[in-house]
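Sequential numbering of the sequence shown, starting at 3, is according to the numbering used here.
Glycine included, every Cβ here is placed at the ideal spot set by N, Cα and C.
Values in this document were obtained by computation on a predicted structure and should not be read as measured data.
Here's the structure we're looking at; comments come further down.
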Amino acid sequence: MGKSTVPKPPIVVLTGAGISKESGLDTFRDADGIWAKVNIEDVATPGGFHRDPARVHDFYNMRRRGLNDPGVGPNPGHLALARLEKEWPGEVLIVTQNIDDLHERAGNANLIHMHGELNKVRCQGCGAVMGWTGDLGVGDACPRCTRTGTLRPHIVWFGEMPLEMERIQEALDGCGLFVSIGTSGNVYPAAGFVSHVRAVGIAHTVELNLEPSVGASLFAETLYGPASETVPAFVDRVLTRGW
Ligand code: BV8
Numbered sequence: 003m004g005k006s007t008v009p010k011p012p013i014v015v016l017t018g019a020g021i022s023k024e025s026g027l028d029t030f031r032d033a034d035g036i037w038a039k040v041n042i043e044d045v046a047t048p049g050g051f052h053r054d055p056a057r058v059h060d061f062y063n064m065r066r067r068g069l070n071d072p073g074v075g076p077n078p079g080h081l082a083l084a085r086l087e088k089e090w091p092g093e094v095l096i097v098t099q100n101i102d103d104l105h106e107r108a109g110n111a112n113l114i115h116m117h118g119e120l121n122k123v124r125c126q127g128c129g130a131v132m133g134w135t136g137d138l139g140v141g142d143a144c145p146r147c148t149r150t151g152t153l154r155p156h157i158v159w160f161g162e163m164p165l166e167m168e169r170i171q172e173a174l175d176g177c178g179l180f181v182s183i184g185t186s187g188n189v190y191p192a193a194g195f196v197s198h199v200r201a202v203g204i205a206h207t208v209e210l211n212l213e214p215s216v217g218a219s220l221f222a223e224t225l226y227g228p229a230s231e232t233v234p235a236f237v238d239r240v241l242t243r244g245w
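Below you can see the structure in the form of structure tokens.
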């Protein structure tokens with residue numbers, strides 16, 4: 003079924019690690035999560051990278067190998083969001099905190115990776131951002147400027163400015179529906195988006211998560227359960243009778 007002609011309000015969807023959990027990727031703050039195994043300061047800050055780049059490369063190389071494992075792919079939660087973008091007769095923007103590429107692989111095209119992407123690297127010498135699906139090491143040369151020692155993961159670390167914030171703020175200002183999926187609401191500025199949307203005062207706000215997030219009370223509606231179940235059901239509802 004294609005899009006009908008009557009334009010409908012834009013939808014903004016914020017996703018976090020919880021939507022990729024059932025695809026086999028670890029979350030951060032669950033009991034078995036990433037931050038239970040490594041120290042944020044050592045692997046997800048500019049200081050950590052400056053102190054020990056090889057250690058940070060190892061951390062992201064392990065996660066990149068995990069993501070690019072043939073057994074890892076989009077789950078029904080990702081696929082439902084691709085259907086929403088395809089069939090909703092208005093704009094659907096996915097703003098993801100995730101650095102995996104499962105939204106793209108599910109079929110979403112209108113997508114912002116506000117914390118960067120695991121399968122990309124950035125040269126601190128010439129600024130180039132390039133696809134990179136293998137391991138990255140301190141000795142690797144930039145394919146564009148040939149410098150060595152200047153490549154870093156194209157990922158936003160703590161204390162660094164998330165990407166495309168202006169475009170995100172504009173989308174939040176103008177949306178009719180804001181949905182937050184699979185995020186614990188601990189990390190800013192993403193955790194503040196729902197408050198921004200409420201202050202604008204137009205949109206309906208919904209949290210789809212396994213359990214209440216830190217900001218659960220800020221949402222007009224909350225639905226709990228695994229994303230592979232809650233997201234398809236919610237998308238069905240929006241496409242058949244709105245919110
Ligand atoms: C910024 C990339 C300002 C790396 C990430 C002191 C010093 C400096 C900064 C700060 C500070 N104090 C506060 C800050 C701000 C800081 C922050 O918020 N810190 C927190 C910890 C207090 N934020 C920043 O630093 C940001 N930048 O503020 O810049 C600035 C201003 C001007 C100029 C320059 C700078 C940058 C934040 C981005 C950091 N990078 N990731 C990497 O991925 O390795 S953050 C990291 O957390 C990931 O991106 C992740 O996506 C994100 C959020 O985590 P979640 O996705 O929510 O994952 P989590 O595990 O927490 O939750 C999963 C949820 O899923 C759970 O609720 C669970 O119940 C649910 N779930 C589980 N299974 C399922 C499920 N749901 C559904 N279905 C299931 N099956």
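- A direct Cα-to-Cα measurement between residue 228 and residue 78 gives close to 10 Å.
- The bridge partners DSSP lists for residue 182 are 16, 209.
- With a cut-off of 8 Å on Cβ pairs, the region 171 to 184 is in contact with the region 203 to 223, counting three or more such pairs.
- With three or more CB-CB distances shorter than 8 Å, the region 81 to 89 counts as touching the region 107 to 118.
- Taking a cut-off of 8 Å for Cβ pairs, the region 65 to 78 and the region 207 to 227 do not touch, as fewer than three such pairs fall below it.
- Taking non-hydrogen atoms of the ligand BV8 into account, the C-beta of residue 45 is found less than 8 Å away from one of them.
- Relative to the ligand BV8, the nearest heavy atom lies less than 8 Å away from the CB of residue 192.
- Just measuring C-alpha positions, the residue of 120, 152, 113 sitting nearest residue 127 is 152.
- Apart from the 5 residues on each side of it in sequence, residue 156 sits with its Cβ closer than 6 Å to the Cβ of 118, 119, 122, 123, 124, 131 in its chain, given in chain order.
- The three-state reading of DSSP puts residue 122 in strand, counting E and B together.
- When only Cα atoms are considered, residue 169 and residue 68 end up about 30 Å apart.
- Taking 8 Å as the upper bound for CB-CB distance, residue 184 and residue 217 are not in contact here, some 13 Å apart.
- Straight-line spacing of the CA atoms in residue 21 and residue 53 works out to 32 Å.
- Remark: C-beta atoms of residue 10 and residue 244 approach each other more closely than 9 Å.
- Scanning 194, 66, 133, 199 for the CA closest to the CA of residue 215 turns up 194.
- Annotation: residue 58 to residue 208 spans about 35 Å, alpha carbon to alpha carbon.
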